[in-house]
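>
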Amino acid sequence: MDNQSIAEVFEQMAELLEFKGENPFRIRAYHNGAKAILDLDEPVAQILEDPSRKLSDVPGIGKTLVDKITVLVATGSLPQLLELQEQFPASVLAMARVPGLGAKKAARLHQELGIDNLAELKTACETDQVSGLKGFGKKSQQTILDGLAIAQAAAQRKKWVNADGWVARLRSHLSSCDAIERMEFAGSYRRGRETCGDLDILVVADPAAAAMDHLEAFPPRKETILRGDTKISIRVDEAFQVDMRVVAADQFGAALQYFTGSQAHNVRVRSMAKAQGLKVNEYGVFREDDPEHSIAGGEEQEVYAAIGLPWVPPELREDRLEFDWAKSGDPFDLIELKDICSDLHMHTTATDGEATIGDMADAAIARGLTAIAITDHSQRVAMARGLDPQRLREQWARIDQLRPQYEGRLTILKGIECDILEGGGMDLPDDVLAEADWVLASVHYGQRQSREQITDRILGAIANPHVTAIAHPTGRLINRREAYQVDIDAVFQAAAETSTLLELNANPSRLDLHEVHCQTASRRYNIPIVINTDAHSIDGLDVMQYGILQARRAGLQKQHVANARSWDAMKPLMGKYR
DNA sequence: GCCGTTTTCGGCCCGACTGTTTTCAGTCG
Numbered sequence: 146m147d148n149q150s151i152a153e154v155f156e157q158m159a160e161l162l163e164f165k166g167e168n169p170f171r172i173r174a175y176h177n178g179a180k181a182i183l184d185l186d187e188p189v190a191q192i193l194e195d196p197s198r199k200l201s202d203v204p205g206i207g208k209t210l211v212d213k214i215t216v217l218v219a220t221g222s223l224p225q226l227l228e229l230q231e232q233f234p235a236s237v238l239a240m241a242r243v244p245g246l247g248a249k250k251a252a253r254l255h256q257e258l259g260i261d262n263l264a265e266l267k268t269a270c271e272t273d274q275v276s277g278l279k280g281f282g283k284k285s286q287q288t289i290l291d292g293l294a295i296a297q298a299a300a301q302r303k304k305w306v307n308a309d310g311w312v313a314r315l316r317s318h319l320s321s322c323d324a325i326e327r328m329e330f331a332g333s334y335r336r337g338r339e340t341c342g343d344l345d346i347l348v349v350a351d352p353a354a355a356a357m358d359h360l361e362a363f364p365p366r367k368e369t370i371l372r373g374d375t376k377i378s379i380r381v382d383e384a385f386q387v388d389m390r391v392v393a394a395d396q397f398g399a400a401l402q403y404f405t406g407s408q409a410h411n412v413r414v415r416s417m418a419k420a421q422g423l424k425v426n427e428y429g430v431f432r433e434d435d436p437e438h439s440i441a442g443g444e445e446q447e448v449y450a451a452i453g454l455p456w457v458p459p460e461l462r463e464d465r466l467e468f469d470w471a472k473s474g475d476p477f478d479l480i481e482l483k484d485i486c487s488d489l490h491m492h493t494t495a496t497d498g499e500a501t502i503g504d505m506a507d508a509a510i511a512r513g514l515t516a517i518a519i520t521d522h523s524q525r526v527a528m529a530r531g532l533d534p535q536r537l538r539e540q541w542a543r544i545d546q547l548r549p550q551y552e553g554r555l556t557i558l559k560g561i562e563c564d565i566l567e568g569g570g571m572d573l574p575d576d577v578l579a580e581a582d583w584v585l586a587s588v589h590y591g592q593r594q595s596r597e598q599i600t601d602r603i604l605g606a607i608a609n610p611h612v613t614a615i616a617h618p619t620g621r622l623i624n625r626r627e628a629y630q631v632d633i634d635a636v637f638q639a640a641a642e643t644s645t646l647l648e649l650n651a652n653p654s655r656l657d658l659h660e661v662h663c664q665t666a667s668r669r670y671n672i673p674i675v676i677n678t679d680a681h682s683i684d685g686l687d688v689m690q691y692g693i694l695q696a697r698r699a700g701l702q703k704q705h706v707a708n709a710r711s712w713d714a715m716k717p718l719m720g721k722y723r
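Just so we're aligned, residue 146 is where the first sequence starts under this note's numbering, counting upward by one.
1. Any chance you could list the alpha helix (DSSP H) runs of at least 4 consecutive residues sitting entirely within the segment 327 to 380, in chain order?
2. By how many angstroms is the C-alpha of L319 removed from the C-alpha of K267?
3. With a cut-off of 8 Å on the beta carbons, I'd call A581 and H617 a contact; round off their distance for me.
4. The beta strand (DSSP E) spanning C563 covers which residue range?
5. For A420 versus A451, is the C-beta spacing smaller than 9 Å?
6. The beta strand (DSSP E) that contains M505, what's its start and end?
7. Going by other Cβ atoms of all chains shown within 10 Å of its Cβ, with 16 needed for buried, is P673 buried or exposed?
8. Using beta-carbon positions only, say whether I325 and A362 come within less than 9 Å of one another.
9. Quick check on this structure: which residue in T515, R596 and I440 has the alpha carbon closest to the alpha carbon of V636?
10. Applying the criterion that 16 or more other CB atoms from any shown protein chain within 10 Å of the CB defines a buried residue, is E445 buried or exposed?
11. DSSP on E441, reduced to helix/strand/coil?
12. Taking M417 as part of the beta strand (DSSP E), name the residues at either end of that continuous run.
13. Classify A579: buried if its beta carbon has 16 or more other beta carbons within 10 angstroms, exposed otherwise.
14. On the three-state DSSP scale, how would you describe Q592?
15. What's the gap between the Cα of P534 and the Cα of Q524?
16. When DSSP labels each residue in this structure, what does Q702 get in the three-state scheme?
17. In whole angstroms, what is the alpha-carbon distance linking N652 and A628?
18. With a threshold of 6 Å on Cβ separation, who are the neighbours of F281 within its own chain once the five nearest residues in sequence on each side are excluded?
19. Cα separation between A709 and R413?
20. Hey, V381 and R366: beta-carbon distance below 9 Å or not?
21. Looking at the unbroken alpha helix (DSSP H) that takes in R314, where does it start and where does it end?
22. Can you tell me which of the three DSSP states I517 falls into?
23. Taking the alpha carbon of F468 as the point to measure from, which residue in G442, R415 and D504 has its own alpha carbon closest?
24. At a cut-off of 8 Å, would you count K249 as near the ligand NAP, judging by its Cβ distance to the nearest heavy atom?
25. To the nearest angstrom, how far is the alpha carbon of I544 from that of L555?
26. Whole angstroms is fine: what's the gap from K472's alpha carbon to E271's?
27. Got a sec, what are the start and stop residues for the beta strand (DSSP E) Q386 sits in?
28. Rank D601, S587, D572 and R626 by C-alpha distance to the C-alpha of D632 and give the top, closest one.
29. For D147, which three-state DSSP category applies?
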């Protein structure tokens with residue numbers, strides 16, 4: 146059982162225990178345990194097997210969870226979980242995810258009215274059975290009915306790039322509000338998470354009501370979910386929630402810190418504050434003995450400084466590595482878009498791209514790049530008219546012709562995105578690959594094969610001396626397709642041994658490697674990461690920014706990113722050039 | 001269930017808003 150599966154078991158335990166009305170701290174312990182395992186940079190089984198190490202040394206994992214993990218690794222299932230699932234089937238749990246309902250209320254509906262699923266819940270509301278229950282009223286009943294209607298749509302978070310589109314529209318709309326003096330988008334959007342469940346807007350405004358009125362006048366608004374003196378939530382689109390909080394100017398930093406999260410990061414920040422006799426909330430930092438006067442709060446930096454921390458980049462605020470990093474005294478200095486020198490994955494009209502080599506080269510120069518690799522598909526990708534050896538060599542001859550025009554301005558590499566075939570092996574013969582400057586290997590077909598098969602295929606590609614990097618190593622498409630089954634640690638191990646680079650594909654639907662894998666590959670295995678756009682058009686080159694955001698979340702600095710160097714400086718990183 | 005420069009018990013981050021309550025529990029972030 147891999148880390149992700151174990152983490153999922155603990156998340157399910159937490160959800161079920163909450164349903165049962167268990168001690169909230171015990172529930173949190175399961176959440177924390179799940180997170181701790183997910184953030185580990187190696188399989189838990191590996192730690193269990195090593196007699197010189199203790200799994201209970203991992204913060205958040207105590208004796209009980211170690212026992213449960215041991216059972217999970219040995220048997221693949223957990224008796225306690227099965228027991229709870231029998232008591233509360235998944236259809237019952239789904240009720241707790243209806244907006245307005247939580248575990249407690251959902252459990253009562255199940256226990257007192259015998260409601261087992263969403264369909265029965267709907268009927269119960271429509272036949273007025275719910276409003277008679279103690280603690281429920283007509284309004285609660287209507288809230289549930291409304292919640293049921295949007296529960297489906299709300300199940301999916303928006304990709305960051307789509308959330309960014311809403312941010313642009315909201316920014317533009319709110320900028321015409323005279324009452325708003327300062328504005329920032331916080332939450333998972335600011336942290337650059339690959340998906341966003343909602344948007345959090347923080348404003349300084351006078352009067353506060355004017356800012357809220359203005360938000361309510363946002364044309365795509367579907368409804369106002371709630372509105373108080375300082376806080377308003379509206380719904381746009383099918384089920385996308387936008388929250389706004391109005392704070393005073395001298396509270397803005399504290400509020401921004403608070404609403405940027407993550408929750409886990411904030412829990413740590415406040416615990417640290419508490420240990421120092423301080424209290425941190427969204428209004429400022431306060432001494433325990435003087436809760437009236439804030440000692441910090443106007444800017445985020447002050448809040449962190451008050452508890453002895455440097456300002457933490459939002460992308461790192463996940464309670465993953467930022468606190469140890471801060472303690473070490475090393476500056477964060479995360480990778481930035483301007484550090485990128487080259488883009489080594491793009492397609493042209495030769496296969497499924499929309500622009501020619503020359504177009505792409507000119508566009509790359511306009512974006513400040515000094516090298517690109519032309520990496521069209523290989524022959525197996527027939528749908529995209531993938532290149533056979535002859536057409537590939539013709540393309541390379543064309544690159545030879547073009548190179549003099551770009552001398553001193555842009556290095557155009559002869560590349561290929563070569564498929565890793567279903568039966569193993571590369572889609573082009575070695576003598577062809579040997580002529581390339583840059584060979585990406587990737588899996589497009591047979592993604593539903595077994596973990597062993599796919600892992601073997603990728604390890605085979607890594608063992609090929611001509612392969613310089615593995616493109617989109619896990620094949621996932623956010624919100625659309627799960628990653629294929631692969632022993633990612635074996636891939637990292639092999640890549641490290643052969644000096645094969647790994648790609649962080651910047652396409653906002655891929656972002657593959659995802660951040661935790663990317664962090665592991667970089668920090669634990671010292672594998673240089675190459676961030677590429679996989680552009681199929683000139684505009685496609687602009688997705689680099691999303692890859693940078695993801696790389697920052699993985700804690701990558703300039704020196705961890707291969708293409709934050711010139712092409713010549715990159716060569717020593719690769720086995721092919723040694 | 002975890003954890004310890006307040007150590008093996010007794011804590012565990014903090015507040016806004018809503019609905020159904022007469023002082024607060026539940027939900028949400």
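Beta carbons are placed, not taken as given, at the ideal position from N, Cα and C, and that holds for glycine.
Please read these numbers as outputs of a predicted model, since none were measured by experiment.
On the basis of the data shown:
1. 332 to 336 and 353 to 361
2. 37 Å
3. Wrong, their Cβ atoms sit about 19 Å apart, outside the cutoff.
4. Counting along the chain, C563 sits inside the beta strand (DSSP E) bounded by residues T556 to D564.
5. no
6. That residue, M505, is in no beta strand (DSSP E); its alpha helix (DSSP H) goes I502 to A511.
7. Per the 10 Å Cβ criterion, buried.
8. no
9. R596
10. buried
11. Reading off the sequence shown, one finds Ala at residue 441, where the question assumed Glu. Judged by DSSP in its simplified three-state form, A441 adopts strand.
12. Segment Q408 to A420 is the alpha helix (DSSP H) holding M417; no beta strand (DSSP E) there.
13. Exposed, since its Cβ has fewer than 16 Cβ neighbours within 10 Å.
14. Q592 falls in the coil class under three-state DSSP.
15. 8 Å
16. strand
17. 15 Å
18. V275
19. 33 Å
20. The beta carbons of V381 and R366 sit closer together than 9 Å.
21. W305 to L319
22. strand
23. R415
24. Ligands are entirely absent from the displayed structure, and the ligand NAP is therefore not among its contents.
25. 12 Å
26. 56 Å
27. F385 to V392
28. D601
29. D147: coil per DSSP, three-state reduction.
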